[in-house]
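Engineer:
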Amino acid sequence: KAGVTQTPRYLIKTRGQQVTLSCSPISGHRSVSWYQQTPGQGLQFLFEYFSETQRNKGNFPGRFSGRQFSNSRSEMNVSTLELGDSALYLCASSLGPGEGGNEQFFGPGTRLTVL
Amino acid sequence: TQLLEQSPQFLSIQEGENLTVYCNSSSVFSSLQWYRQEPGEGPVLLVTVVTGGEVKKLKRLTFQFGDARKDSSLHITAAQTGDTGLYLCAGARSNYQLIWGAGTKLIIKP
């Protein structure tokens, strides 16, 4: 079974631009979560989508948004990029709430650098 | 706010030594997961513990869930260089949302 895939793997943007990251979950997984990981702040939860609906949201500004499609694939968007948005963005898929204990299967991440 | 505190934050030991990493909270979790992350990759699930007092073994790694389901530990026996990585714990709330610890960066020196 193929794992979680994320595209692109690396991205360089400048301040003020916007970016869209993509995630394809493991086949059969209906829940997708997004995380931001930085050396100083660790793994920070952004949001979780299940059945095309945002189920949970972390404490991030409105510049961070996401969506999930009917095939469970998900995208996240960051608008008006700031230097502090430079991070590794991780996507994780799981079976769904209450199934499999919400065990997360992570992709390799997208490394975003904002100049 | 539910917090999950991991300790130590950083640990550097020689190959062959034993070590224990802790994950503590004042809140009860329905289950607790341990992950390991290597540089340039996403975290990989190692184990999930569900029952209070549960002990699970994965080769040289022993995971324990506290009796009250508020804390957990990971013990590594005879550490190897391949154990190097960032170890993360995550507790599941009753609504299945995960609360993440800040991680323990482990370096095993040859």
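From first to last, the protein sequence lines are chains A and B. First residue of the first sequence? That's 1480 in this note's numbering, and the numbers climb one at a time after it. First residue of the second sequence? That's 434 in this note's numbering, and the numbers climb one at a time after it. Even for Gly, the Cβ is constructed at its ideal location relative to N, Cα and C. Since the model is a prediction, treat every value here as computed from it, not as a measurement.
1) A/Q1583 versus chain B: which residues are under 8 Å apart at the beta carbon?
2) Is the beta carbon of B/Q442 closer than 8 Å to that of B/T510?
3) Who are B/R469's beta bridge partners in DSSP?
4) So what does B/K461 bridge to, in DSSP terms?
5) If we define contact as Cβ-Cβ less than 8 Å, is B/G486 a contact residue for chain A?
6) So what does DSSP say about B/D500, is it helix, strand or coil?
7) Does the CB of A/N1535 have a neighbour CB from chain B at under 8 Å?
8) For B/A535, which residues in the same chain have their Cβ closer than 6 Å to its Cβ, ignoring the five residues on either side in sequence?
9) Taking C-alpha atoms, which residue in A/S1572, A/F1524, A/T1532 lies nearest to A/P1540?
10) Excluding five sequence neighbours on each side, which residues of the same chain lie with their C-beta closer than 8 Å to the C-beta of B/S527?
11) Under 6 Å Cβ to Cβ from B/Q447, same chain only, skipping five residues before and after it: list those, please.
12) Does the beta carbon of B/K542 fall short of 7 Å from some heavy atom of the ligand MG?
13) Where does A/N1535 sit, in a helix, a strand or coil, going by DSSP?
14) When you compare each of A/T1493, A/T1486, A/F1529 to A/S1558 by their alpha carbons, which one comes out closest?
Structural biologist: Checking against the coordinates, here is how it stands:
1) Within the first sequence, the letter at position 104 stands for residue 1583 of chain A. Those within 8 Å of A/Q1583 in chain B are Q466, Y468, P476, L478, A523, L531.
2) Position 77 of the second sequence holds residue 510 of chain B. Position 9 of the second sequence holds residue 442 of chain B. No. Outside cutoff.
3) As a first step, residue 469 of chain B is located in the second sequence; it is residue number 36 there, counting from the start. B/R469 is bridged to B/V477, B/Y520.
4) By 1-based counting over the second sequence, the position of residue 461 of chain B is 28. Per the sequence shown, the amino acid found at residue 461 of chain B is Val instead of Lys. Bridge partners of B/V461: none, in fact.
5) Taking the second sequence and counting its residues from 1, one reaches residue 486 of chain B at position 53. Chain A, which has no Cβ nearer than 8 Å to the Cβ of B/G486, makes this no.
6) Taking the first residue of the second sequence as 1, we reach residue 500 of chain B at position 67. The answer is coil: DSSP assigns B/D500 none of H, G, I, E or B.
7) Stepping through the first sequence from its first residue, residue 1535 of chain A is reached at position 56. Answer yes: the Cβ-Cβ gap between A/N1535 and chain B drops below 8 Å somewhere.
8) Sequence index remark: in the second sequence, residue 535 of chain B carries index 102 (1-based). If we look at B/A535 and ignore the five residues flanking it on each side, its Cβ neighbours are Q439.
9) As a working note, residue 1540 of chain A is residue 61 in the first sequence. Ranking A/S1572, A/F1524, A/T1532 by Cα distance to A/P1540 puts A/F1524 first.
10) Here residue 527 of chain B refers to the residue found at position 94 when the second sequence is read from its first residue. So the list reads S463, once near-sequence residues are dropped.
11) Within the second sequence, residue 447 of chain B is the residue found at index 14, counting from 1. So the list reads K542, once near-sequence residues are dropped.
12) Judged by which ligands are present, the structure shown has none, so any question about the ligand MG falls away.
13) Walking along the first sequence from the start, residue 1535 of chain A turns up at place 56. In this structure, DSSP gives A/N1535 an extended state, which the three-state scheme calls strand.
14) Reading the first sequence from its first residue, position 79 is the one you call residue 1558 of chain A. For the residues A/T1493, A/T1486, A/F1529, the minimum Cα distance to A/S1558 belongs to A/T1493.
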